[in-house]
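Below is one structure, written out as structure tokens; comments come after it.
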Amino acid sequence: MLLNLLRRWRRWRRSRPFWGGLFAILAGSWICVLPLAPLKIMLQQGVAGIPSVLMGIVMIVLGLTAWFSPPQRSLAGVLTTLIATAALVLSNLGGFLIGTLLGILGGGLMFAWQPSAARRTGKAGKAEDAGTAESVVAAPPPPTPHHDPQGAQP
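Residue numbers (the numbering used here): 4 to 157.
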């Protein structure tokens with residue numbers, strides 16, 4: 004039972020940009036919590052706390068989007084990186100640089116993540132060697148040659 008649960012967790016985690024989403028959620032949490040800290044820790048007070056909380060919430064939502072909607076990972080990664088960079092100016096140096104660095108790392112990991120090579124290329128050998136019972140999608144047909152109206156040769 005426990006082994007089956009661990010296999011399902013591993014399969015779920017590997018089928019999406021898990022680490023990028025986790026870093027984005029951590030960055031959003033860090034940036035969002037700092038404006039609520041005691042006054043001794045705060046660099047800025049007042050209206051500056053509102054963008055911090057909003058940026059933190061958006062980064063948390065983008066991290067969850069990467070987990071639960073992997074096809075949207077590119078957009079979530081780019082937006083996470085942009086918001087983390089904007090947090091440098093708008094939010095206590097981006098959570099004292101920790102939130103910004105975590106956000107940039109998470110956004111980069113989300114943007115760079117690709118689905119498993121065995122599923123993408125349709126290689127059945129890799130999936131069978133790994134001992135998984137997943138169905139492997141067949142490789143797409145080769146591209147058909149097309150006529151270029153400008154006369155370019157491939």
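Cβ atoms here follow ideal geometry from the backbone N, Cα and C, with glycine treated the same way. Being a predicted model, the structure only gives us computed values, none of them experimental.
In this structure, does DSSP put residue i in helix, strand or coil?
{"i": "Pro100", "result": "Per the sequence shown, residue 100 should be read as Leu rather than Pro. Coil, per DSSP."}
{"i": "Gln75", "result": "helix"}
{"i": "Ala141", "result": "coil"}
{"i": "Trp116", "result": "coil"}
{"i": "Ala130", "result": "Note that Ala130 has pLDDT 47, beneath the 50 cutoff, so the model's placement of it is unreliable and the number below is only indicative. Three-state DSSP puts Ala130 in a helix."}
{"i": "Pro54", "result": "helix"}
Assign residue i to one of two classes, buried (16 or more other C-beta atoms within 10 Å of its C-beta) or exposed (fewer than that).
{"i": "Pro145", "result": "exposed"}
{"i": "Arg76", "result": "buried"}
{"i": "Phe114", "result": "buried"}
{"i": "Ser18", "result": "exposed"}
{"i": "Thr72", "result": "Note on residue identity: the sequence assigns Ser, not Thr, to residue 72. Classification of Ser72: exposed, given that the 10 Å Cβ count is below 16."}
{"i": "Ala142", "result": "exposed"}
{"i": "Arg14", "result": "exposed"}
{"i": "Trp12", "result": "exposed"}
{"i": "Met62", "result": "buried"}
{"i": "Pro38", "result": "buried"}
{"i": "Pro20", "result": "buried"}
{"i": "Met4", "result": "exposed"}
{"i": "Ile86", "result": "buried"}
Need the endpoints of the alpha helix (DSSP H) that residue i sits in, please.
{"i": "Arg10", "result": "Leu5 to Arg17"}
{"i": "Trp22", "result": "Phe21 to Val36"}
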